[in-house]
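Start counting at 1 in the sequence shown, then tack on 38, and there's your number in this note's numbering.
C-beta: ideal position from N, C-alpha, C; glycine also.
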Amino acid sequence: MALPTPSPTSTAVVTGASSGIGADIARELADRGHGVTLVARREDRLRELADELSGRVRVEVIGCDVADAAARAGLLDEVERRGLTTEILVNNAGIGTIGSVAKTPVDAELAQVRVNVEAVIDLTTRAVQQMVPRGRGAILNVGSTAGYHPFPGQVGYAATKAFVINYTQGLRGELAGTGVTLALLNPGPVRTEFLATAGMDARAFAAAFPKFLWKPSREVARAGVDALDGDRGAVTPGLPSQISARLFQFMPRRLLLPLLKNQHPGLKRDRSAS
Ligand SMILES: NC(=O)c1ccc[n+]([C@@H]2O[C@H](COP(=O)([O-])OP(=O)(O)OC[C@H]3O[C@@H](n4cnc5c(N)ncnc54)[C@H](OP(=O)(O)O)[C@@H]3O)[C@@H](O)[C@H]2O)c1
Numbered sequence: 039m040a041l042p043t044p045s046p047t048s049t050a051v052v053t054g055a056s057s058g059i060g061a062d063i064a065r066e067l068a069d070r071g072h073g074v075t076l077v078a079r080r081e082d083r084l085r086e087l088a089d090e091l092s093g094r095v096r097v098e099v100i101g102c103d104v105a106d107a108a109a110r111a112g113l114l115d116e117v118e119r120r121g122l123t124t125e126i127l128v129n130n131a132g133i134g135t136i137g138s139v140a141k142t143p144v145d146a147e148l149a150q151v152r153v154n155v156e157a158v159i160d161l162t163t164r165a166v167q168q169m170v171p172r173g174r175g176a177i178l179n180v181g182s183t184a185g186y187h188p189f190p191g192q193v194g195y196a197a198t199k200a201f202v203i204n205y206t207q208g209l210r211g212e213l214a215g216t217g218v219t220l221a222l223l224n225p226g227p228v229r230t231e232f233l234a235t236a237g238m239d240a241r242a243f244a245a246a247f248p249k250f251l252w253k254p255s256r257e258v259a260r261a262g263v264d265a266l267d268g269d270r271g272a273v274t275p276g277l278p279s280q281i282s283a284r285l286f287q288f289m290p291r292r293l294l295l296p297l298l299k300n301q302h303p304g305l306k307r308d309r310s311a312s
């Protein structure tokens, strides 16, 4: 098994644990006996989850904006100051712009790069440099099926997730034999706060993506932790999402791009607004 054995001084640092998939990954790890360090900006939400989990395992709460380089640089040090070793890191925090690039503020386009890309490289590098000398550790990065193909309507977001996929797979190869493992969780659509944060109407999105593609957050979280524990490298929860991701990955771009352009609810919204 690839997950380090839990101990009173070990912790799993989970970013984006105040909501959605990240909160459920923390629940899943706690159910398996791992102490968790919950990280996000909304500390009140983290504290609620800490109250829920603290009967089972040691839970720490650290408010941190992972888009902020200085805050990120101190995160794993703060874990150490609390007498804990980061044995597991889950890079789950993520945001995404939805709609046409022509109508998206530049700041929003760049913010998703800081959270989805910069923070993943930063925290992964710091964790790897602690874990490799110990010969032990596990890192779960959350990508997306959107990372397997260009995605009109979520152009920048899909590109950040393509980065996460490529980076995680490459680093997994580099670290083979060191005792440190990486896995990649690539969810299809999941009902969380993600769409609301992006300013997207969840009903319009639900109508555009067939019901069979949607998965409950807890199931997705369990699949990710199972993939890490089983040292399986990557998982896309649900056969329909696996098939559609592969189909879109290999579909000729001259067919794929107009299809997505016509169907994407964010682009439809932007067209009807203009
Ligand atoms: N939902 C989907 O359909 C779907 C599909 C594929 C992949 N994913 C990926 O799954 C991951 C989790 O998303 P979700 O669906 O669970 O969305 P969510 O419910 O909106 O949760 C996002 C989490 O990220 C945290 N976060 C955002 N910006 C942050 C920042 N600057 N610093 C620290 N934390 C930050 C949020 O916490 P605070 O706001 O409290 O900081 C929140 O806990 C993301 O990487 C997303 O790209 C989601």
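Whole-angstrom distance between residue j and residue i, CA atom to CA atom
i: Tyr186; j: Val155; result: 16 Å
i: Ala265; j: Thr274; result: 10 Å
i: Ser138; j: Gly181; result: 21 Å
i: Thr344; j: Val258; result: Coverage of the chain is limited to positions 39 through 312, which leaves residue 344 absent and any answer about it impossible.
i: Arg229; j: Lys253; result: 8 Å
i: Glu81; j: Gly268; result: 32 Å
i: Leu178; j: Met289; result: 28 Å
i: Ala234; j: Gly58; result: 12 Å
i: Gly215; j: Arg174; result: 10 Å
i: Ala88; j: Glu98; result: 7 Å
i: Asn129; j: Ala55; result: 10 Å
i: Glu147; j: Lys141; result: 11 Å
i: Ala221; j: Met238; result: 29 Å
i: Val170; j: Leu161; result: 14 Å
i: Leu293; j: Ser282; result: 14 Å
i: Asp69; j: Val52; result: 14 Å
i: Ala176; j: Thr206; result: 12 Å
i: Ala240; j: Arg172; result: 44 Å
i: Asp115; j: Asn204; result: 27 Å
i: Ala64; j: Ser312; result: 42 Å
i: Ile165; j: Ile159; result: Per the sequence presented here, residue 165 reads as Ala, with Ile not at that position. If I take the Cα positions, the gap works out to 10 Å.
i: Asp308; j: Ala196; result: 18 Å
i: Arg85; j: Arg94; result: 15 Å
i: Gln167; j: Gln287; result: 33 Å
i: Pro143; j: Ser310; result: 19 Å
Residue from the options with nearest C-alpha to residue i
i: Ala246; options: Leu222, Gln168, Lys306; result: Lys306
i: Arg284; options: Glu231, Asp269, Asn224; result: Asn224
i: Ala149; options: Leu161, Ala131, Arg164, Ala165; result: Ala131
i: Ala157; options: Glu147, Ala176, Ala107; result: Ala107
i: Leu41; options: Gly71, Leu277, Lys249; result: Gly71
i: Ile126; options: Ala244, Gly217, Val144; result: Gly217
i: Gly271; options: Ala196, Val202, Ala78, Ser282; result: Val202
i: Thr163; options: Ala196, Glu212, Asp145; result: Glu212
i: Ala78; options: Phe232, Ile100, Pro248, Asp145; result: Ile100
Nearest-angstrom Cβ-Cβ length linking residue i and residue j, presumed shorter than 8 Å
i: Gly191; j: His302; result: 3 Å
i: Gly226; j: Leu251; result: 5 Å
i: Val104; j: Arg96; result: Their Cβ separation, rounded to whole angstroms, is 22 Å, which puts Val104 and Arg96 out of contact at 8 Å.
i: Thr183; j: Ser279; result: 5 Å
Own chain partners of residue i with C-beta closer than 6 Å, once the 5 adjacent residues on each side are dropped
i: Gly261; result: The question names Gly, but residue 261 is Ala in the sequence shown. These residues qualify, in order along the chain: Val273, Pro275.
i: Leu113; result: Cys102
i: Ala236; result: Gly134, Ile136
i: Ala242; result: Pro303
i: Asp62; result: Ser255, Arg256, Ala259
i: Leu91; result: Ala68, Val97
Residue i: CB within 7 Å of a non-hydrogen atom of ligand 2
i: Pro190; result: This structure does not include ligand 2; its bound ligands are ligand 1.
Spatial neighbours of residue i in its chain, beta-carbon cut-off 7 Å, leaving aside the 5 residues before and after
i: Ala200; result: Gly185
i: Thr47; result: Gly121, Leu122, Thr123
i: Thr198; result: Gln150, Val151, Asn154, Val155
i: Glu66; result: Ala259, Arg260, Val263
i: Lys299; result: Pro190, Leu305
Own chain, CB closer than 8 Å to residue i, minus 5 neighbours either side, in chain order
i: Leu295; result: Pro188, Pro190
i: Thr49; result: His72, Gly73, Val74, Thr75, Arg96, Glu98, Val117, Leu122, Thr123, Thr124, Glu125, Ile126
i: Arg291; result: Pro188
Those runs of the alpha helix (DSSP H) which lie wholly inside the region 122-155 and span at least 4 residues: 144-151
4-residue-minimum alpha helix (DSSP H) runs that sit fully inside the region 221-277, ordered along the chain: 232-235, 240-246, 255-267
Runs of alpha helix (DSSP H) wholly within the region 76-117 (minimum 4 residues, chain order): 81-91
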